[in-house]
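Q: Below is one structure. I have some questions about it.
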Amino acid sequence: MGFLDSLLGRTKPVKANLDDLFALPSAAITMQVALGFSPSGLGSVCYKPAEGAAFARTQADVQQLLDADQGPDVELSTDTFGFSWLLIRHDPSDAAGLVTDLHAVNSSLEGAGFGPALLCSLVPFVHADGRKVALVYLYKRGTFYPFAPLPGQAQHRDNALELEVKGTLASDLKVEPDLSRWFPVWGAPGM
Amino acid sequence: MARSQLTANDGGRRSRFAADRGLVSRMFLVMFLLGLLYVVFVGALLAVNVAWQLIVVVAGGFFFIQFFASDRIALFAMHGRIVTPEEAPQLHAIVDRLCAMSNTPKPKVAIADSDVPNAFATGRSQKRAVVCATTGIMRRLDAEELEGVLAHEMSHVAHHDVAVMTIASFLGVLAGIITRFAFYAEMFGGGGNRRGRNDQNTAMIAFFVMIVSAIVYAISFLLIRVLSRYRELSADRAGALLTGRPSSLASALQKVTGAMGQIPTRDLRSAEAFNAFFFTPALAKGASLSSLFSTHPSLERRLEQLAEISRELGEGR
């Protein structure tokens, strides 16, 4: 934000960066080869639903778009903070297709003027031993960070695994350098 | 530079998140008048050749302390305590999400153990910012309303309101100190051994300086209050656009202002000095300040603006 903007108290909502999400398919391969985590075939988009008829209509359009022509299975849910999660089920082997579906949601919201409402996208990966880690894409930063909840324990993160993922994926996608922005998304759909 | 890029990108698409031009231009006018007053005041002091440099140094000292220690002063006065994500997971989660939505660095999060339902933000820069909520407001509001309040506070941080208001108040503080100095000079200055025309002249100057400073103080006081009210409206607007839920903020405002009148007076008085950074002003029971002197716009004015934003958001394309 510029000097004049803060002097005059103007904030422009930040536009979402949709492009860097496409780095995901190559990262999925690295996750599998280097760490043994395979895609779960799930992916979700999290956004803050604005009040009013315009947003409700946009959201209905998005769901209709995804449901059409034997499209992916879509599930809408709301978390305790009032954010909406649109969960998409896709063939686990087709990471590129999943990203295309996620992008369809993003571009529909942006097209209706609700780009600033996008919070993050979440793509979970599973290991043969049951561990889970999700790659979270921050729309406003255009960066990813790993989120690995410890199974069985209430709200504890496997920081060692997260840092391992960070190091492994550094060449595939933009990993969020500021660790204070790696916020936890407990209870996110698909985790 | 970033701004021109944005407007260029927006191209033909109508943005739902526009700034309020009227508010911006009114705020600019107030700032201009404050600056003008500053120039006139310093000019008047120079004209009568007062040793005002000393006073500027003293006032400047206060200013720097306030500017650089604002976060610690406010937290200390409100008995706020910085909390970790483990201690206050819900509050941290809301702040985390707001930061991710607005792409701003995460401020420190604090809780003040007080039943006065309020929240405030302090700190001169985004990196030094602290957002504090009282236990009273966390108990009364649901998650979405609390989010609206925190979005309002984080907009204060994004607008650098602590810095802007501290700098704006500097003139008022300066004029107030000079009024007092001149008053004492007037009272005791004439009692020395040397009498005559020279002394009479000094007394005249002291009287002149006192009158000018008092007028400057009064005008700057009013202008600062106007500026403060505009900053609040801007923060309301920015916060509501960030969450996309102006109605949640409106309902939080209604809940909090309704409850503000029911709290014990003692607790409130100790909070009054920090009104400028509060979510809603803490006024002692029975105090009926006219809207002219208020640091915050009236509830009606704030609700009206939020209703308008709600209408804008709901419009189809």
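Residue numbers (this note's numbering), protein chains in the order written: chain E, 1 to 191; chain C, 1001 to 1317. Just so you know, even glycine gets a beta-carbon here, dropped at the ideal spot from N, CA and C. None of these values were measured; they are calculated from a predicted model.
Quick one: any contact between the region 1206-1216 of chain C and the region 1160-1180 of chain C, if contact means 3 or more CB pairs under 8 angstroms?
A: Output reads yes: the region 1160-1180 of chain C touches the region 1206-1216 of chain C.
Q: So what does DSSP say about ASP20(E), is it helix, strand or coil?
A: helix
Q: Is the Cβ-Cβ distance between ARG89(E) and GLY130(E) less than 9 angstroms?
A: no
Q: According to DSSP, simplified to helix, strand and coil, what is ALA1287(C)?
A: Unreliable placement is indicated for ALA1287(C), whose pLDDT of 43 sits below 50; the coordinate value is still reported in the next sentence. Three-state result, ALA1287(C): coil.
Q: Got a sec? Which residues, its chain only, sit under 6 angstroms from LEU18(E) by beta carbon, not counting five neighbours each side?
A: ASN106
Q: Is it buried or exposed for THR1084(C), if we count other Cβ within 10 angstroms and need 16 for buried?
A: exposed
Q: List the residues that DSSP assigns as beta-bridge partners of VAL45(E).
A: LEU86(E) and SER121(E)
Q: Can you tell me which of VAL1149(C), ALA1047(C) and GLU1086(C) puts its alpha carbon nearest to the alpha carbon of ILE1205(C)?
A: ALA1047(C)
Q: So what's VAL1130(C) in DSSP terms, helix, strand or just coil?
A: VAL1130(C): strand per DSSP, three-state reduction.
Q: Please confirm if CYS1099(C) has its CB atom under 9 angstroms from at least one CB of chain A.
A: Among the chains of the structure shown, chain A does not appear; the protein chains present are E and C.
Q: What would DSSP say about ALA1110(C), mapped onto helix, strand or coil?
A: strand
Q: Taking Cβ to Cβ, would you say MET1165(C) is nearer than 9 angstroms to LEU1227(C)?
A: yes
Q: What do you get for ARG1311(C), buried or exposed, if any count of 16 or more other CB atoms within 10 angstroms of its CB means buried?
A: exposed
Q: Who pairs with ASP1142(C) in a beta bridge, going by DSSP?
A: Its beta-bridge partners do not exist; DSSP assigns none.
Q: Consult DSSP for HIS127(E) and reduce its assignment to one of helix, strand or coil.
A: strand
Q: Check the C-beta distance from VAL133(E) over to LEU163(E) and give it rounded, since I have them as a contact under 8 angstroms.
A: The distance from the Cβ of VAL133(E) to that of LEU163(E) is about 11 angstroms, inconsistent with a contact at the 8 angstroms cut-off.
Q: Go through its chain and collect everything with a Cβ distance to LYS15(E)'s Cβ below 6 angstroms, but skip five positions before and after it.
A: GLY115
Q: Quick one: does ALA117(E) have its CB under 9 angstroms from some CB of chain C?
A: Yes, its Cβ sits closer than 9 angstroms to a Cβ of chain C.
Q: Counting Cβ pairs, one atom from each stretch, are 3 or more of them under 8 angstroms apart for the region 170-189 of chain E and the region 133-147 of chain E?
A: Yes, the region 170-189 of chain E is in contact with the region 133-147 of chain E.
Q: How many angstroms separate the CA atom of ALA1307(C) from the CA atom of ALA1250(C)?
A: 8 angstroms
Q: Could you give the first and the last residue of the continuous alpha helix (DSSP H) run that contains ASP1096(C)?
A: 1089-1102
Q: For PRO1107(C), count the other beta carbons within 10 Å of its own beta carbon; 16 or more makes it buried, fewer makes it exposed. Which is it?
A: The residue is buried, with at least 16 neighbouring Cβ atoms inside 10 Å.
Q: Please report the residue range of the beta strand (DSSP E) in which LYS166(E) lies.
A: Segment 159-169 is the alpha helix (DSSP H) holding LYS166(E); no beta strand (DSSP E) there.
Q: Let me see if you follow: with CB-CB separation under 9 angstroms, is HIS1079(C) close to chain E or not?
A: no
Q: For chain C, find out if any of its Cβ atoms is closer than 9 angstroms to the Cβ of GLY82(E); answer yes or no.
A: yes
Q: Note down, in chain order, every chain E residue with its Cβ under 7 angstroms from the Cβ of LEU1242(C).
A: PRO13
Q: In three-state terms, what does DSSP make of VAL14(E)?
A: Under the three-state reduction of DSSP, VAL14(E) is assigned to coil, being neither helix nor strand.
Q: Just to confirm before moving on: does the CB-CB distance between PRO149(E) and PRO184(E) stay below 9 angstroms?
A: Inclusion of PRO149(E) and PRO184(E) in the CB contact set at 9 angstroms is warranted, their separation being smaller than that value.
Q: Can you tell which of LYS1127(C), GLN1305(C), PHE1170(C) and HIS1160(C) has the C-alpha that lies nearest to the C-alpha of SER6(E)?
A: If we check each option's Cα against that of SER6(E), HIS1160(C) comes out closest.
Q: When the Cα atoms are used, what is the spatial distance from ALA1088(C) to GLU75(E)?
A: Answer to the nearest angstrom: the Cα atoms are 30 angstroms apart.
Q: Please decide whether ASP61(E) counts as near chain C, where near means a Cβ-Cβ distance under 9 angstroms.
A: no
Q: Secondary structure at PRO39(E), three-state DSSP: helix, strand or coil?
A: strand
Q: Can you tell me which residues form a DSSP beta bridge with LEU138(E)?
A: The bridge partners DSSP lists for LEU138(E) are CYS120(E) and THR143(E).
Q: Residue ranges of each alpha helix (DSSP H) run of no fewer than 4 residues wholly in the region 1014-1088 of chain C, ordered along the chain?
A: 1021-1047 and 1053-1077
Q: Buried or exposed: where does THR1295(C) fall if 16 or more other Cβ atoms within 10 Å of its Cβ makes it buried?
A: buried
Q: Contact defined as beta carbons within less than 8 angstroms: I believe VAL970(C) pairs with GLY1136(C). What is the distance between those atoms, to the nearest angstrom?
A: Absent from the structure is residue 970(C), since the part of chain C shown begins at 1001 and ends at 1317.
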